[in-house]
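If you count the sequence shown from 1, position 159 lands on 161 in the numbering used here, and the numbers rise without skipping.
Here the structure is laid out as structure tokens; the discussion comes afterwards.
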Amino acid sequence: MTIVEQLAVLQAQALAAIEGAQTTAALEEARVAVLGKKGTLTAILRDMKSVPPQERPLVGKASNDVRRVIEAAIEDKSAFLKAAELESRMAASALDISLPGRSHPIGTRHLINGIIDEISDIFIGIGYRIVEGSEVETDYYNFTALNAPADHPSRSMQDTFYVLDRSGDVANVKGESDVLLRTQTSGTQVHCMESDPLPIYMISPGRVYRRDPADPSHLPQFHQVEGLVVDKGITFGDLKGTLDYCVKQMFGPDRRTRFRTHFFPFTEPSAEADVSCGICGGKGCRFCKGTGWVEILGCGMVDPNVFGYVDIDPEVYTGFAFGMGVERIACLKYNVPDLRMLLDGDMRFLRQF
Ligand code: DAH
């Protein structure tokens with residue numbers, strides 16, 4: 003076989019090897035086998051010395067042609083393999099966007115927080131401040147300074163959770179005032195009057211605790227919104243006007259209010275306020291037990307004895323206070339038959355509001 007014939011065979015073999023390479027690594031192997039230092043074409047070129055001088059130009063041209071053909075084939079194949087490999091890598095790591103996503107259910111605002119926000123907006127709109135009280139309170143703020151000193155019978159109206167210290171005794175502050183979970187938000191009135199400049203126009207929403215087993219109309223923990231106004235010249239007329247406005251904002255302009263005398267230790271006179279029944283419009287039905295009215299809050303004029311505890315002169319200042327149960331208002335507004343539903347955390351119930 004002449005060298006030119008050998009070159010033709012070599013070219014055919016090399017092109018077959020290139021064609022057969024399935025990966026860039028295999029293609030590189032095929033390239034090295036022909037064009038590498040120990041490659042077959044390199045060996046032939048190195049052997050040029052043994053070619054008679056007159057044939058050298060022909061052989062030189064033929065081997066250069068073979069090299070060019072092989073290099074071009076490698077380049078083509080290499081581009082093809084790289085594209086194919088990129089495509090398969092992309093296919094392997096692709097997201098299947100046709101799969102349904104994993105849902106992360108988010109909660110909803112609880113009905114009770116919704117009502118608190120609504121009441122807060124009403125009172126912010128007429129210039130009141132929102133005050134935050136604390137759920138752990140002392141006997142002094144929860145009872146004594148609200149004109150219910152030790153042994154006052156009104157204390158037994160509210161069964162109280164006391165906080166125990168490590169030895170199991172009721173914890174107390176400065177050896178005098180027992181620590182308890184507040185039974186009412188009214189203690190924030192005392193804190194405010196002790197530390198805020200006059201006049202005071204505030205409401206204070208928050209959680210309270212009582213030793214009551216849960217039933218359709220009682221919960222051991224629930225929410226109240228306390229209200230307090232202290233200014234010069236405040237009258238019972240201001241109290242009625244303010245609460246009537248609040249009720250109409252909350253329940254609708256056609257609802258009426260009425261005030262019945264009642265007793266609270268920290269107000270004098272005291273009253274309970276009723277709103278006309280939303281079910282029968284005031285004619286009397288099962289919901290309002292035939293009376294046409296449902297109770298919504300307690301209120302009254304700040305008792306001068308309470309002013310005495312916080313050094314406010316009752317000859318100069320007067321004030322009114324009120325306290326409403328948020329769960330009760332939620333039930334009235336949305337006809338919820340059982341208070342316990344508010345604590346269940348059942349999204350089917352809560353999502354309705
Ligand atoms: N603290 C009272 C209760 O829990 C409600 C109340 C009544 C608050 C009259 C007041 C008020 O501020 O003036 O039953």
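Beta carbons are placed, not taken as given, at the ideal position from N, Cα and C, and that holds for glycine.
{"Asked": "Pair within 9 Å by beta-carbon distance, PRO207 and ILE132", "Found": "yes"}
{"Asked": "Stretch pair the stretch 139-159 + the stretch 187-195: three plus CB contacts closer than 8 Å", "Found": "yes"}
{"Asked": "ALA323 beta carbon near the ligand DAH (any heavy atom closer than 8 Å)", "Found": "yes"}
{"Asked": "Length of the line joining the Cα atoms of ARG104 and MET92", "Found": "23 Å"}
{"Asked": "Neighbourhood of ARG342 by C-beta distance below 6 Å, restricted to the same chain and skipping five residues each side", "Found": "ALA216"}
{"Asked": "Unbroken stretches of the alpha helix (DSSP H), 4 residues or longer, contained in the stretch 93-151", "Found": "113-127, 141-144"}
{"Asked": "Minimum length 4: unbroken alpha helix (DSSP H) runs contained in the stretch 280-355", "Found": "306-311, 328-336, 349-352"}
{"Asked": "Whole-Å CB distance - GLN13 paired with VAL61, under 8 Å assumed", "Found": "14 Å between Cβ atoms; not a contact."}
{"Asked": "The stretch 218-229 in contact with the stretch 110-128 per 3-pair CB rule at 8 Å", "Found": "yes"}
{"Asked": "N- and C-terminal bounds of the alpha helix (DSSP H) containing LYS262", "Found": "For the record, residue 262 in the displayed sequence is Arg; it is not Lys. Element bounds for ARG262: not the alpha helix (DSSP H) but the beta strand (DSSP E), 259-266."}
{"Asked": "Rounded distance between the beta-carbons of VAL312 and MET195, thought under 8 Å", "Found": "4 Å"}
{"Asked": "Which residues DSSP lists as bridging TYR211, in chain order", "Found": "GLN223"}
{"Asked": "Other residues of its chain near PHE355: CB distance less than 7 Å, five sequence neighbours each side excluded", "Found": "LEU113, GLY116, TYR336"}
{"Asked": "Three-state secondary structure (DSSP) of ASP49", "Found": "helix"}
{"Asked": "Proximity test, LEU230 beta-carbon vs the ligand DAH heavy atom, cut-off 8 Å", "Found": "yes"}
{"Asked": "Extent of the continuous beta strand (DSSP E) to which ASP180 belongs", "Found": "179-183"}
{"Asked": "Straight-line gap, SER80 to LEU29 (C-alpha atoms, nearest Å)", "Found": "7 Å"}
{"Asked": "PHE253 Cβ short of 8 Å to the ligand DAH heavy atom set", "Found": "no"}
{"Asked": "CB of MET303 within 9 Å of CB of THR269, strictly", "Found": "yes"}
{"Asked": "Proximity below 9 Å, CB of GLY321 to CB of VAL231", "Found": "yes"}
{"Asked": "Sheet register partners of TYR203 (DSSP bridge)", "Found": "VAL231"}
{"Asked": "Distance between SER179 and ASN307 (C-alpha atoms, nearest Å)", "Found": "19 Å"}
{"Asked": "Sufficient close CB pairs (3 or more, under 8 Å) joining the stretch 315-332 to the stretch 236-251", "Found": "yes"}
{"Asked": "Every unbroken alpha helix (DSSP H) inside the stretch 3-43 [4 residues or more]", "Found": "5-22, 26-37"}
{"Asked": "Of the residues ILE99, ASP67, ASN174, ASP340, the one placed nearest LEU9, counting alpha carbons only", "Found": "ASP67"}
{"Asked": "Alpha-carbon spacing of VAL6 relative to ALA64, whole angstroms", "Found": "7 Å"}
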